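Engineer: Just so we're aligned: the sequence shown equals residues 1 to 121 in full-length UniProt numbering. Glycine is no exception: its CB is placed at the ideal position from the N, C-alpha and C atoms. No experiment lies behind these values; they were computed from the predicted model shown.
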Amino acid sequence: MKKKVLTVDDSRTIRNMLLLTLNDAGFETVQAEDGVEGLEVLEESNPDVIVTDINMPRLDGFGFIEGVRQHDRYRAVPILVLTTESDAEKKNRARQAGATGWIVKPFDPTKLIAAIERVTA
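Right under this line is the structure:
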């Protein structure tokens, strides 16, 4: 059975790169353009892992992570932050919101897949 990944990023280029990388690695991929849409597709997609950006319009990654963690059903779903940010304060804020890990863009596809496999094992 394929593991399902929900990716949330406002960049079409990053969404396309994630889609190719994840599908090539055998994952099922569901995508959203920002945190608001991410929370909307969360219910129907029931992902095994979430990969989200931080800087997005309407609802940023911190708000999205907090929104996911408010649902008992998704408290244990790993959330990886994929962002250009590398600031320790932002990493800490993401962790406090409920993020599982942090990957800096541009991402290495092999490392991303390894991180997803590690948190879903």
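1) What are the boundary residues of the alpha helix (DSSP H) that A32 is part of?
2) Helix or strand or just coil, what does DSSP make of T7?
3) By DSSP's criteria, I79 is part of a beta bridge. Which residues make up the other side?
4) Around the C-beta of L20, are 16 or more other C-beta atoms found within 10 angstroms, so that it is buried, or is it exposed?
5) Determine the DSSP secondary structure at G61, reduced to helix, strand or coil.
6) Given that a residue counts as buried once 16 or more other Cβ atoms are within 10 Å of its Cβ, and exposed if not, what is Q31?
7) Using only CA atoms, which one of V68, E117 and P109 lies nearest to A99?
8) How long is the line joining the alpha carbons of T120 and L59, rounded to whole angstroms?
9) Between R73, L39, I116 and K2, which has its C-alpha nearest L80's C-alpha?
10) State buried or exposed for M56, treating a residue as buried only when at least 16 other CB atoms are found within 10 Å of its CB.
11) Within the same chain, show all residues whose beta-carbon is closer than 7 Å to that of S86, passing over the 5 residues directly before and after it, in chain order.
12) Assuming F62 and R93 are in contact, meaning their beta carbons sit under 8 Å apart, how far apart are those beta carbons, in whole angstroms?
Structural biologist: Concretely, from the data shown:
1) Element bounds for A32: not the alpha helix (DSSP H) but the beta strand (DSSP E), E28 to A32.
2) Here T7 sits in strand by DSSP.
3) DSSP output for I79 lists I50 as bridge partner(s).
4) L20 sits exposed, since fewer than 16 C-beta atoms from the chains shown fall within 10 Å of its C-beta.
5) For G61, the secondary structure class from DSSP, reduced to helix, strand or coil, is helix.
6) Classification of Q31: buried, given that the 10 Å Cβ count is 16 or more.
7) Of V68, E117 and P109, the residue nearest in Cα terms is V68.
8) Computed Cα separation, rounded: 26 Å.
9) With distances taken between Cα atoms, L80 lies closest to I116.
10) With 16 or more other Cβ atoms within 10 Å, it is buried.
11) Excluding residues within five positions, the ones whose Cβ falls inside 7 Å are V104.
12) Correct: roughly 6 Å between the Cβ atoms.
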